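Peer 1: Per numbering that gives the first Met the number 0: the sequence shown = residues 0 to 402.
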Amino acid sequence: MHAVHEIADGVFWVGMNDRRIERFENMFPLSDGVAYNAYLIKDEKTALLDTVESSVRDRFLQQVENVLDGRALDYLVIHHMEPDHCGNIEEIVRRYPEVKVVGNRKTFEFFKHYYRADLSANAQVVKEGDILSLGTRSLRFYLAPMVHWPEVMFSMDLSDGMLYSADAFGSFGALPGTLFADELDFNRYFLGETRRYHANIVGRYGNQIQTVLKRLPVDSISMICPLHGPIWRKDLSVIWDKIDTWSAYRPERTGVVFIYASMYGNTAEVAETLAFKLGDRGVGDIRLHDVSKTHPSHIIADLWEYSHMVVASPTYNMQLYPPMDALLRELAMLNLQDRDVAIIGNHTWSSAAVRQMIGLFGTMKDIRLLGEPLDIHSSLKAEEEPTLDSLADVIFESVLNRS
Ligand code: FEO
Numbered sequence: 000m001h002a003v004h005e006i007a008d009g010v011f012w013v014g015m016n017d018r019r020i021e022r023f024e025n026m027f028p029l030s031d032g033v034a035y036n037a038y039l040i041k042d043e044k045t046a047l048l049d050t051v052e053s054s055v056r057d058r059f060l061q062q063v064e065n066v067l068d069g070r071a072l073d074y075l076v077i078h079h080m081e082p083d084h085c086g087n088i089e090e091i092v093r094r095y096p097e098v099k100v101v102g103n104r105k106t107f108e109f110f111k112h113y114y115r116a117d118l119s120a121n122a123q124v125v126k127e128g129d130i131l132s133l134g135t136r137s138l139r140f141y142l143a144p145m146v147h148w149p150e151v152m153f154s155m156d157l158s159d160g161m162l163y164s165a166d167a168f169g170s171f172g173a174l175p176g177t178l179f180a181d182e183l184d185f186n187r188y189f190l191g192e193t194r195r196y197h198a199n200i201v202g203r204y205g206n207q208i209q210t211v212l213k214r215l216p217v218d219s220i221s222m223i224c225p226l227h228g229p230i231w232r233k234d235l236s237v238i239w240d241k242i243d244t245w246s247a248y249r250p251e252r253t254g255v256v257f258i259y260a261s262m263y264g265n266t267a268e269v270a271e272t273l274a275f276k277l278g279d280r281g282v283g284d285i286r287l288h289d290v291s292k293t294h295p296s297h298i299i300a301d302l303w304e305y306s307h308m309v310v311a312s313p314t315y316n317m318q319l320y321p322p323m324d325a326l327l328r329e330l331a332m333l334n335l336q337d338r339d340v341a342i343i344g345n346h347t348w349s350s351a352a353v354r355q356m357i358g359l360f361g362t363m364k365d366i367r368l369l370g371e372p373l374d375i376h377s378s379l380k381a382e383e384e385p386t387l388d389s390l391a392d393v394i395f396e397s398v399l400n401r402s
């Protein structure tokens, strides 16, 4: 049985779903797997666009062979050298020794870091603007450095505007027997996972994504074919606008995400109390996450979506509570910016959490601290309620102003 699909005249999806994988990059939990998309063009020449992860190699190679149906493979185009896509290059070259492997200078540099095969007889180096003619179809290459890795490139089919976008526009989640975003209820099943993928995988590279979005001939694009997740052939502005918003670090909605750490429930109680005070004031869109329970990738996805955050954490061993410290460092690494933040600390005998959280947010761009950070002693006391009310007022005002 083979799961290939002709997505355009002579263009076949030959990707693979991996539903057994637990964590993408051995970090990000996958409740519904992931798809490694690869495409095979059969024109006067044949071209395979990317391969898949080595764990799903056998079925992938069989699919390629079946679609080729006895024809030779003329080209293998490598848009991205990360192993989730390049895990079969050596095997493809072994099976199709005449194949030309198409990449840029950095592609082949990275290939040597990973593999031992000598590609010198097969390599075809392309640069920005080069065009690969396949017959009726021609691929125009756009270098897209740091749209995850330095060697990344996109290509666009000049005959009909199909864009092969590497990791950009990608999503977690295996494809459910349908491939197109307009077929599979994108908003229900994939929007959240597309946001989580973007924020965690390419979130750091917003500026580079903005650069390449501006360089692409947007009006000529008919289909967006990423390396993960659904393919877009209708309403392209939906995903284009999302990627534009996320890569510009603009919040999608006005609301408050609480991130709290709590060893014995006291800091959690402060967060809950403040959340209800915000609710009483009319803030309707509030999310709460315990950093010790919710995987950071889900919290980060929410922070990409929302405008405001309340961060509450105890001091631990005279430092910031480690899971909160790790999360805030990850946010800084991912370049999250342009958010409004309220800070609450908790301590019994040594206060460090507030100071260190302020320091970590100070490393991020356009982070506005709301009100005076609150530093409670072990548990919330009745006499501290007015201070919490004042903080709720400040957050509420800020939410109103950003609505
Ligand atoms: Fe899907 Fe950056 O690899």
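We treat Cβ as the ideally placed atom computed from N, Cα and C, and that holds for glycine. Since the model is a prediction, treat every value here as computed from it, not as a measurement.
What distance in whole Å lies between the Cβ atoms of S377 and T347, which are believed to be in contact at a cut-off of 8 Å?
Peer 2: 5 Å
Peer 1: Would a C-beta distance cut-off of 8 Å place M308 and I238 closer than the cut-off?
Peer 2: No, the pair does not count as a contact, with Cβ atoms beyond the cut-off.
Peer 1: Count the other CB atoms, across all protein chains shown, that sit within 10 Å of the CB of M0; report buried if there are 16 or more and exposed otherwise.
Peer 2: In this prediction, M0 scores a pLDDT of 48, lower than 50, which makes its location untrustworthy; the coordinate-derived value is nonetheless stated afterwards. M0 should be labelled exposed.
Peer 1: Excluding the 5 residues flanking R280 on each side, which residues of the same chain have their C-beta closer than 8 Å to its C-beta?
Peer 2: The beta carbon of R280 lies closer than 8 Å to those of A391, D392 and F395 in the same chain, with the five residues before and after it left out.
Peer 1: So, with DSSP's three-state summary, where would you put P96?
Peer 2: coil
Peer 1: Pairs of beta-carbons, one from the region 87-95 and one from the region 45-52, closer than 8 Å: are there three or more?
Peer 2: yes
Peer 1: Within the structure, which residues are defined as neighbours of the ligand FEO by a Cβ-heavy atom distance below 7 Å, reported in chain order?
Peer 2: H79, E81, D83, H84, H147, W148, D166, G169, I200, L226 and H227
Peer 1: For the region 288-374, list the beta strand (DSSP E) runs that are entirely contained and at least 3 residues long, ordered along the chain.
Peer 2: 305-315, 338-346 and 366-368
Peer 1: Considering only their Cβ atoms, is the gap separating G172 from E150 smaller than 8 Å?
Peer 2: no
Peer 1: Applying the 10 Å Cβ sphere with the 16-neighbour rule, what's the burial state of M155?
Peer 2: buried
Peer 1: Tell me the DSSP bridge mates of M161?
Peer 2: M222
Peer 1: I need the straight-line Cα distance from R252 to A300, nearest angstrom please.
Peer 2: 12 Å
Peer 1: Which runs of the beta strand (DSSP E), 3 residues or longer, sit entirely within the region 38-98?
Peer 2: 38-41, 45-48 and 74-76
Peer 1: Which same chain residues, not among the five before or five after Y320, have their C-beta less than 6 Å away from its C-beta?
Peer 2: Sequence-distant Cβ neighbours of Y320 in its own chain, meaning closer than 6 Å and more than five residues away, are A260, S312 and P313.
Peer 1: When the Cα atoms are used, what is the spatial distance from S397 to D339?
Peer 2: Whole-angstrom Cα-Cα distance: 8 Å.
Peer 1: By Cβ distance below 7 Å, which residues in the same chain neighbour V146 in space, the five residues on each side in sequence not counted?
Peer 2: A165, D166, A167, V201, Y204, Q207, I208 and V211
Peer 1: Mapping DSSP to helix, strand and coil, what is R187?
Peer 2: helix
Peer 1: Suppose you measure from the CA of Y216 to the CA of W231; what does that come to, to the nearest Å?
Peer 2: Note on identity: in this sequence residue 216 is Pro, with Tyr being the wrong assignment. Cα to Cα, the separation comes out at about 16 Å.
Peer 1: Is any beta-carbon of chain B found at less than 8 Å from that of L190?
Peer 2: Absent from the structure: chain B. Only one protein chain is present.
Peer 1: Kindly indicate which residue of L174, L75, G160 and H112 has the alpha-carbon position closest to the one of V125.
Peer 2: Closest by C-alpha distance to V125, out of L174, L75, G160 and H112, is L75.
Peer 1: Going by the beta-carbon positions, is the gap between Y248 and L157 smaller than 8 Å?
Peer 2: no
Peer 1: With distances taken from CA atoms, which of G176, S170 and Y163 is nearest L413?
Peer 2: Summary: the structure shown does not reach residue 413, with the chain confined to residues 0 through 402, and so no result is reported for it.
Peer 1: Have a look at E127 and F140 and give me their C-alpha separation to the nearest angstrom.
Peer 2: Roughly 6 Å between the two C-alpha positions.
Peer 1: Hey, out of L29, H78 and L133, whose CA is closest to G9's CA?
Peer 2: L133
Peer 1: Can you give the Cα-Cα distance for F179 and F185, rounded to whole angstroms?
Peer 2: 9 Å
Peer 1: Helix, strand or coil: which one does DSSP assign to T266?
Peer 2: helix
Peer 1: Ignore the nearest five residues each way along the sequence and tell me which others in Q318's own chain have a CB closer than 6 Å to its CB.
Peer 2: These residues qualify, in order along the chain: A351.
Peer 1: Take L60 as the anchor and find which of M15, E21, I40 and K99 has the nearest alpha-carbon.
Peer 2: M15
Peer 1: Mind checking who S154 pairs with in its DSSP beta bridge?
Peer 2: F140 and Y163
Peer 1: Taking the alpha carbon of D374 as the reference point, which residue from T362, F275, N345 and R194 has its own alpha carbon closest?
Peer 2: N345
Peer 1: Output needed for A143: all residues of its chain with C-beta closer than 6 Å, excluding positions within five of it in sequence on either side, in chain order.
Peer 2: V151, M152, F153 and V211.
Peer 1: Give the DSSP-derived three-state secondary structure of H147 in the structure shown.
Peer 2: DSSP places H147 in coil when its eight states are reduced to three.
Peer 1: At the level of alpha carbons, what is the spacing between S53 and N199?
Peer 2: 23 Å
Peer 1: What residues match up with Y35 in a beta bridge as DSSP calls it?
Peer 2: When DSSP reads this structure, Y35 sits in a beta bridge with M15.
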